[in-house]
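Here's the structure, in structure tokens; my notes come after.
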Amino acid sequence: MDTKRLTEMLSKELEISKEEVDTLIEGLANVVGECASNLDTVNLSGFGSFEPRKRLERVAVHPASGKRLLVPPKIVLSFRPSTSLKQKIRNGN
Amino acid sequence: METKVTLQELVALLALATGKQKDICEKFLKTFMRILETELEKGENIRIKGFGTFKVIDVESRKSVNVSTGEEYEIPQHRKIIFVAGKALAARVNQPFEAFEAMEIPDDMPISQLEGTSEPSELSELSELSELSESSEFSELSESSESSEFSELSESSETSTLSDNSDNSEKSDNSEKSEGSDNSELSELSRFRFAKGFFVGFLVAVAVVCGIGIGAYYMGLFPYRGNKDSADAIQSVKVQSAKQDPLPFDSLEEKISPMTVSESEDVVPTQPSDLNTDEKKGDGKEAAPVYDTVTTTRYLTTIAKEHYGNFNLWPIIYEENKAILGHPDRIKPGTRVVVPPLSKYHVDPKNESQIKEIKHKGVVIYEKFKK
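Protein chains in written order, with this note's numbering: chain G, 7 to 99; chain D, 157 to 527.
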């Protein structure tokens, strides 16, 4: 499913315009991003949580040149599905 | 920081961010999650522009051990959900570190200089982390120890990281070397020892030179500083510098101690200040304008923290000195800046939303130099 289809479905169900849905999705991305950059986890019970994780700085080797780099620390966003969701997904069709 | 945001809190934040009613936001989130669940159960991936992609992937069966009984069993083949953040979101999330870049390491520096403690337990943690991290086109050699602190400042912190880690690893290195002495790798080890000796000696020399430089500076021995000027400068710096203040501010700040300030030899012992943010701002009618100097260890953020109690207010200092400052991370050491009183910009250091605005200003400043 792509963004277009998702906005269509949301627009229909919530009875609001597509532009409003787009605003809401964009707002969600901004809020999650901001929380994550402050290292706060966004926990959606029953669905999952968006958890920021720190990656410490590390020494990496460029495969081609063989040069060594010091990669700086960073924060990445990960999603941890809730147990109920994991169970539902676990067994395929 | 490191707190959990609940659904209700998220609804409130979303309403604030979009300007929509709370009940719409709540309905939106619940419907959003429901649609996602339904699609994922069908095995469908969902790609949301500006957000990211939720994917369902197949996992092969694998052998595992029952931890309590010790007997082996098989984890059957199954599916799991993964999420890949979109570029914009990933950038937003990494914003505290956006100014950092990967730095090349010169070939003659042995890896042991860069490691914290290299123990087997850390290597296994490394493999766990690299499993989770989505993009690793580089093979990862080692990981600095958990104790290596973050610095929110740019490249110049890295050299101090290296020197700090070299202290830690010296012990483990020596024991390693005595063990390996009966190998045919004697020549390689002695070469390492040689190079390391050089490196340590070099650092000591640099430290001594810096120490002399700082002494001369404060003695007013530098030719371009008139004697009167230097006397004023010494006055103002001594009066304004403060010790670590207990004001609760941004989460990351607490986690990240400006390592270079504490570790480096360049720090001059400071005294409590009466011009600090004691909730009583100077009335702006001070006789002498407040100055400070940017050096290799004193950044705008350091200065902001000392004068305003919050490192995030650095853009205020930048704005005040816009005329002489270029890229905020590349200010020539020795640049004297004016530290304006917060009242001049009508900023209340406790006002959270103002702080956010100012942080945003910082981002805007960086943007100007990116293009």
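Idealized CB from N, CA, C, for every residue including glycine. Owing to the predicted nature of the structure, the values given are computational and were not obtained by experimental measurement.
Does the Cβ-Cβ distance between residue i and residue j come in under 8 Å?
i	j	result
Ile237 (chain D)	Ile95 (chain G)	yes
Glu57 (chain G)	Ser84 (chain G)	yes
Ala66 (chain G)	Val77 (chain G)	yes
Val503 (chain D)	Ile473 (chain D)	no
Ala171 (chain D)	Lys160 (chain D)	no
Phe210 (chain D)	Leu196 (chain D)	yes
Thr9 (chain G)	Lys24 (chain G)	no
Ile514 (chain D)	Asn477 (chain D)	no
Glu254 (chain D)	Ala247 (chain D)	yes
Leu45 (chain G)	Met189 (chain D)	no
Thr452 (chain D)	Pro497 (chain D)	no
Gly52 (chain G)	Val249 (chain D)	no
Gly33 (chain G)	Thr174 (chain D)	yes
Ile511 (chain D)	Val450 (chain D)	no
Ser220 (chain D)	Ile231 (chain D)	yes
Lys184 (chain D)	Leu75 (chain G)	Per the sequence presented here, residue 184 (chain D) reads as Phe, with Lys not at that position. Contact flag unset, no.
Met7 (chain G)	Ile459 (chain D)	no
Would you please state the rounded distance, in angstroms, between the beta carbons of residue i and residue j? I believe it to be under 8 Å.
i	j	result
Leu91 (chain G)	Glu193 (chain D)	6 Å
Tyr447 (chain D)	Val493 (chain D)	7 Å
Ser43 (chain G)	Asn49 (chain G)	With 8 Å as the limit, Ser43 (chain G) and Asn49 (chain G) do not qualify as a contact, their Cβ atoms being about 17 Å apart.
Leu169 (chain D)	Val37 (chain G)	5 Å
Thr187 (chain D)	Glu19 (chain G)	5 Å
Taking C-beta pairs closer than 8 Å, name the residues in chain G that residue i reaches, listed in chain order.
i	result
Ala258 (chain D)	Ala66, Leu75, Leu76, Val77 and Pro78
Ala246 (chain D)	Val82 and Leu83
Glu193 (chain D)	Phe53, Leu91 and Lys94
Met157 (chain D)	Asn44, Leu45 and Asp46
Lys575 (chain D)	The displayed coordinates of chain D run from 157 to 527. Any statement about residue 575 (chain D) would go beyond what the structure contains.
Met189 (chain D)	Leu50, Gly52 and Phe53
Glu200 (chain D)	Met7
Please list, in chain order, the chain G residues whose beta carbon lies closer than 7 Å to that of residue i.
i	result
Gln251 (chain D)	Ser43
Ile204 (chain D)	Thr9, Leu12 and Ile31
Leu196 (chain D)	Ile95
Taking residue i as the query, report the chain D residues whose CB atoms sit under 9 Å from its CB, ordered along the chain.
i	result
Thr89 (chain G)	Under the 9 Å cutoff, chain D gives no residues; its nearest Cβ is about 12 Å from Thr89 (chain G).
Ala70 (chain G)	Going along chain D, no residue has its Cβ under 9 Å from Ala70 (chain G), so there is no contact; the nearest lies around 10 Å.
Can you pull the chain G residues whose beta carbon is under 9 Å from the beta carbon of residue i, in chain order?
i	result
Val520 (chain D)	Those do not exist, as Val520 (chain D) stays about 16 Å from chain G at its closest Cβ, beyond 9 Å.
Arg235 (chain D)	Ile95, Arg96, Asn97 and Gly98
Lys160 (chain D)	Asp46, Thr47, Val48, Asn49 and Ser55
Val364 (chain D)	Simply none; closest approach about 26 Å.
Starting from residue i, find everything on chain D with Cβ-Cβ shorter than 7 Å and list it in chain order.
i	result
Ser17 (chain G)	Here the premise fails: no neighbours, minimum Cβ distance about 10 Å.
Using only the heavy atoms of the ligand ZN, determine whether one of them is closer than 7 Å to the beta carbon of residue i.
i	result
Lys18 (chain G)	Looking for the ligand ZN in the displayed structure turns up nothing, as the structure carries no ligands at all.
For a minimum of 4 consecutive residues, which ranges assigned as the alpha helix (DSSP H) are wholly contained in the region 7-79 of chain G? 9-20 and 24-43
Those runs of the beta strand (DSSP E) which lie wholly inside the region 161-246 of chain D and span at least 3 residues: 202-204, 208-215, 218-221, 228-231 and 234-241
What beta strand (DSSP E) runs, 3 residues minimum, are completely inside the region 472-513 of chain D? 491-494
Just by C-beta distance, which residues in the region 163-175 of chain D are closer than 9 Å to chain G? Leu163, Glu165, Leu166, Leu169, Leu170, Ala171, Leu172, Ala173, Thr174 and Gly175
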